[in-house]
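Chemist: The structure that follows is given in the form of structure tokens.
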Amino acid sequence: MDTPPLAPGLYIVATPIGNLGDITARAADILARCDVIACEDTRVTGKLLNHLGIRKAMRRYDDHASADVRERLLGEMAEKSVVLVSDAGTPLISDPGYRLVREARERGLAVTSLPGPSAMIVALTLAGLPTDRFMFAGFLPSKDKARGDVLAELAATPATLVFYETGPRLVASLTAMEQHLPGRELAVARELTKLHEECRSGTPEELIAHYSAHPPKGEIVLLAGPPPAPAAPAADDVDTQLRAALEHLSPSQAAGQVAKAHGLDRKSLYARAMALKEAP
Numbered sequence: 001m002d003t004p005p006l007a008p009g010l011y012i013v014a015t016p017i018g019n020l021g022d023i024t025a026r027a028a029d030i031l032a033r034c035d036v037i038a039c040e041d042t043r044v045t046g047k048l049l050n051h052l053g054i055r056k057a058m059r060r061y062d063d064h065a066s067a068d069v070r071e072r073l074l075g076e077m078a079e080k081s082v083v084l085v086s087d088a089g090t091p092l093i094s095d096p097g098y099r100l101v102r103e104a105r106e107r108g109l110a111v112t113s114l115p116g117p118s119a120m121i122v123a124l125t126l127a128g129l130p131t132d133r134f135m136f137a138g139f140l141p142s143k144d145k146a147r148g149d150v151l152a153e154l155a156a157t158p159a160t161l162v163f164y165e166t167g168p169r170l171v172a173s174l175t176a177m178e179q180h181l182p183g184r185e186l187a188v189a190r191e192l193t194k195l196h197e198e199c200r201s202g203t204p205e206e207l208i209a210h211y212s213a214h215p216p217k218g219e220i221v222l223l224a225g226p227p228p229a230p231a232a233p234a235a236d237d238v239d240t241q242l243r244a245a246l247e248h249l250s251p252s253q254a255a256g257q258v259a260k261a262h263g264l265d266r267k268s269l270y271a272r273a274m275a276l277k278e279a280p
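Mapping the sequence shown onto the UniProt record's numbering, position 198 (from 1) lands on 198, and the numbers just tick up by one.
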């Protein structure tokens, strides 16, 4: 039975980040049936297509693509099926594409996204850091001051931080994290899904020492665990703060203020505030 043609529109297809065996059956099917493939580098995508035994027309589309290139692709989507891929992983995740997707949606063109590999997600599942809340922040700046400014801005974020990094800049980024993210457990995940896959965890000092002695190669995901929880204040300190707050606030308000400042239970603080207020 003949396979029906794909409906016109844009198809966002995730491709392997290393191991070509990670291509999904659905992604391979869409690549085989589409009319046009928009890609960052035709040589890189060409290797994947050769592996799959597929020959397709390819259009280069990257961060430097002009508005004319984007307009041509949008025009083709009205009548043809256009696939968007990145060199590796899920398109738009620190890769070009969001403008193309936005304009396609604005024009009422069909947009379909296929789930698949993402270095960020693979690294999170390997690192052993909390994953209930995380923030992906792309690549850190290459300049020392700008890198420090970004880390200082994110330092209080109560989540695991995820960055992409390059081998030559890894030690500089680890050094900046030592300064701006003190007390955090870090992890370096590199060469994911490839023969020399590595995920190494430790303190900034440990990782700086290791990678200074063993300069890394390949694409890297750099992770920092959430900031350590602040130490709970001693009971005497809590009483002191409650007494000070009670001088101008009601017991309920005083309890709320101290609870918010230290992440403590408001109900128990209210009971303590009442006891302090009634004490002779």
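Built from N, CA and C at the ideal position, the CB exists for glycine as well.
What is the residue span of the beta strand (DSSP E) that residue 60 lies within?
Modeler: One-based indexing of the sequence shown puts residue 60 at position 60. 57 to 60 is the extent of the beta strand (DSSP E) around residue 60.
Chemist: Buried or exposed: residue 45, going by 16 or more other Cβ atoms within 10 Å of its Cβ?
Modeler: In the sequence shown, residue 45 corresponds to position 45, counting from 1. Label assigned to residue 45: buried.
Chemist: Cα-Cα, which of 33, 63, 53, 23 is closest to residue 41?
Modeler: Here residue 41 corresponds to residue number 41 of the sequence shown, with the count starting at 1. Checked all of 33, 63, 53, 23; the closest Cα to residue 41 is 63.
Chemist: Which partner residues of residue 81 appear in the DSSP bridge assignment?
Modeler: As a position in the sequence shown, residue 81 is number 81, starting the count at 1. According to DSSP, which records beta bridges pairwise, residue 81 is partnered with 9.
Chemist: Which runs of the beta strand (DSSP E) spanning at least 3 residues fall entirely within the segment 122 to 181, listed in chain order?
Modeler: List check, beta strand (DSSP E) in window: 134 to 139, 160 to 166.
Chemist: Near residue 281, what residues of its chain come up, given a Cβ to Cβ distance below 7 Å and the 5 sequence neighbours on each side ignored?
Modeler: Nothing can be reported for residue 281, as the shown portion of the chain is limited to 1 through 280.
Chemist: Pull up the DSSP beta-bridge partners for residue 208, would you.
Modeler: Counted from its first residue, the sequence shown places residue 208 at position 208. According to DSSP, which records beta bridges pairwise, residue 208 is partnered with nothing at all.
Chemist: Give a yes or no on contact between the segment 203 to 210 and the segment 247 to 256, applying the rule of three or more CB pairs nearer than 8 Å.
Modeler: Output reads no: the segment 247 to 256 does not touch the segment 203 to 210.
Chemist: Distance check for residue 218 and residue 196, CA to CA, integer angstroms please.
Modeler: Position 196 of the sequence shown, counted from the start, is the residue given in the question as residue 196. Position 218 of the sequence shown, counted from the start, is the residue given in the question as residue 218. Cα to Cα, residue 196 sits roughly 10 Å from residue 218.
Chemist: Count Cβ pairs between the segment 66 to 76 and the segment 46 to 54 that sit closer than 8 Å; are there 3 or more?
Modeler: Flag = no, the segment 66 to 76 and the segment 46 to 54 do not touch.
Chemist: What does a CB cutoff of less than 8 Å around residue 135 pick up in its chain, not counting 5 residues either side in sequence?
Modeler: On the sequence shown, position 135 is the one that residue 135 refers to. 154, 157, 159, 160, 161, 162.
Chemist: In the DSSP assignment, find the unbroken beta strand (DSSP E) run with residue 252 in it and report its ends.
Modeler: Counting from 1 along the sequence shown, the entry for residue 252 is found at position 252. Premise fails: residue 252 lies in the alpha helix (DSSP H), 251 to 262, not in any beta strand (DSSP E).
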